[in-house]
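There are 2 protein chains.
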Amino acid sequence: MASHARRGAPLTREEILTTALRLIDAGGVEALTMRRLAAELSVNPMSLYHHVENKTALLEGVCSLVVARLEPPPDDGSAWQDRLRALAHTYRSLARLHPALWSYVQVHPEMIGREDGMWGALCRTLLAAGVPKEDLAATGEALYSFVSGFVTAESRDELGRQRGAEDVDRTFELAVDIIVAGLRRTTG
Amino acid sequence: MASHARRGAPLTREEILTTALRLIDAGGVEALTMRRLAAELSVNPMSLYHHVENKTALLEGVCSLVVARLEPPPDDGSAWQDRLRALAHTYRSLARLHPALWSYVQVHPEMIGREDGMWGALCRTLLAAGVPKEDLAATGEALYSFVSGFVTAESRDELGRQRGAEDVDRTFELAVDIIVAGLRRTTG
DNA sequence: ACCTGAACACCGTTCAAGT
DNA sequence: ACCTGAACACCGTTCAAGT
Chain A
1 MASHARRGAP
11 LTREEILTTA
21 LRLIDAGGVE
31 ALTMRRLAAE
41 LSVNPMSLYH
51 HVENKTALLE
61 GVCSLVVARL
71 EPPPDDGSAW
81 QDRLRALAHT
91 YRSLARLHPA
101 LWSYVQVHPE
111 MIGREDGMWG
121 ALCRTLLAAG
131 VPKEDLAATG
141 EALYSFVSGF
151 VTAESRDELG
161 RQRGAEDVDR
171 TFELAVDIIV
181 AGLRRTTG
Chain B
1 MASHARRGAP
11 LTREEILTTA
21 LRLIDAGGVE
31 ALTMRRLAAE
41 LSVNPMSLYH
51 HVENKTALLE
61 GVCSLVVARL
71 EPPPDDGSAW
81 QDRLRALAHT
91 YRSLARLHPA
101 LWSYVQVHPE
111 MIGREDGMWG
121 ALCRTLLAAG
131 VPKEDLAATG
141 EALYSFVSGF
151 VTAESRDELG
161 RQRGAEDVDR
171 TFELAVDIIV
181 AGLRRTTG
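Just so you know, the sequences run in chain order A and B. Using full-length UniProt numbering, the first residue of the first sequence is number 1, and each one after it goes up by one. Using full-length UniProt numbering, the first residue of the second sequence is number 1, and each one after it goes up by one.
Here it is in structure tokens:
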């Protein structure tokens with residue numbers, strides 16, 4: 001009985017990735033194990049290697065899966081301040097859906113390409129804010145790391161001791177306010 | 001021959017921690033292994049457990065070792081803007097000495113207590129900047145996560161493809177400028 | 001083409017035994 | 001008190017064999 005002992009349809013890469021993501025969401029990245037994942041799928045550990053090159057490739061697949069959902073909100077012609085706030089909120093919303101994976105991504109950015117949608121939208125917004133072209137990349141990187149740093153701190157906080165939900169939201173608003181105000185002032 | 005087969009003096013906790021830090025600096029946190037550490041010390045892996053409860057405790061020890069070196073510069077009476085810049089630079093300097101450990105700490109903040117020296121200095125500076133008392137904690141956390149997020153992004157960048165040293169320095173200055181300007185504006 | 005079992009080189013850690 | 005070897009329950013991964 002070597003051919004699919006597992007009940008139901010044959011194993012698929014899609015199924016592997018979504019199950020891996022579920023394991024990560026439930027127990028952190030360290031809870032994702034080739035052997036545990038196989039058990040979760042009722043399959044021999046070695047079967048996974050027919051759909052995924054190795055564990056690194058598996059993690060990359062999971063990261064792409066999530067990053068693909070990171071799309072900038074459509075650009076209504078609103079002021080750059082509001083646009084910036086909207087981008088930050090979009091980023092934060094997705095990060096909060098998968099906090100463990102997101103922390104992992106921040107330390108292992110090679111797992112994802114530059115998520116072009118968000119990065120492009122950010123740059124356009126910064127230009128609208130009057131950031132000079134030669135400062136564009138540096139400014140974008142600074143803001144990007146600000147937001148991702150804040151969100152990481154936030155999710156690790158949530159795993160730890162609790163705080164009121166309205167409390168963290170307020171802190172996030174304050175953080176975004178500082179960024180917006182800082183940009184306004186910096187660009188004259 | 002059960003008693004210290006190892007040449008020289010008996011094993012010490014200090015020696016264990018500094019060697020562990022060296023391994024982490026050289027190869028990342030995932031390169032730190034009880035067995036490899038023991039080999040590095042020319043000692044049986046099990047001997048480590050007489051000085052350190054387990055691997056988690058070992059990592060905590062290494063983190064404390066590094067965090068202990070994080071001291072705010074003495075408070076000359078300079079303007080809060082300069083003081084804020086100085087604090088950011090101090091933080092960044094230490095982080096760049098141990099980038100791998102620092103990334104790890106950001107994801108596992110339970111490894112360190114709130115490093116009271118820096119946090120206290122930050123709060124005093126924010127008060128001097130006119131941040132209202134009820135916003136103090138939120139503002140401090142925001143700035144703290146901004147700087148740590150930026151520094152993490154920076155160190156992962158350094159491990160990857162190179163950039164000019166003066167280029168990253170300039171980006172850091174720009175980042176700090178945004179924060180300072182944002183604070184100034186926010187607090188009226 | 002897809003799956004599997006046995007095997008290898010690693011982990012962290014326990015425990016009983018050595019001096 | 002400090003160290004050690006054997007052992008256990010895990011890892012990721014290779015490889016030859018099954019259908």
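Backbone N, C-alpha and C define an ideal beta-carbon position, used for all residues, glycine too.
Here DSSP, grouped into helix, strand and coil, assigns arginine 36(A) to helix.
DSSP, reduced to helix, strand and coil, places arginine 83(B) within a helical segment of the structure shown. If the five residues before and after arginine 13(A) are omitted, its C-beta is found closer than 8 Å to the C-beta atoms of His51, Val52, Gly61, all from its own chain and listed in chain order. Residue-level contact check: tyrosine 144(B) touches chain A, since one or more beta carbons of chain A fall below 9 Å from its beta carbon. Within chain B, the residues placing a beta-carbon under 7 Å from that of glutamine 106(A) are Thr152, ordered along the chain.
For lysine 133(B), there is no enclosing alpha helix (DSSP H), since its DSSP letter is neither H nor E. For alanine 9(A), no alpha helix (DSSP H) encloses it, and the DSSP letter there is neither H nor E. Listed along chain A, the residues sitting closer than 7 Å to glycine 149(B) by beta-carbon distance are Ser145, Phe146, Ser148, Gly149, Phe150, Thr152. Inter-residue distance for arginine 83(B) and lysine 133(B) is about 19 Å (C-alpha atoms, whole angstroms).
For aspartate 177(B), the closest Cβ of chain A is nearer than 9 Å.
Near chain B, meaning a CB-to-CB distance below 7 Å, no residue of the stretch 48 to 71 of chain A qualifies.
Beyond the five residues adjoining it in sequence on each side, leucine 48(A) comes within less than 7 Å, by CB distance, of Ile16, Met34, Leu37, Ala38 in the same chain, given in chain order. Along the stretch 116 to 127 of chain B, none of the residues has a CB nearer than 8 Å to a CB of chain A. Using a Cβ-Cβ cut-off of 9 Å, glycine 164(B) does not count as an interface residue toward chain A, since no Cβ of chain A sits closer than that to its own. Between aspartate 135(A) and chain B, the shortest Cβ-Cβ separation is below 9 Å. Against arginine 170(B), the close residues of chain A are Ala138, in the order they occur along the chain (beta-carbon pairs closer than 8 Å).
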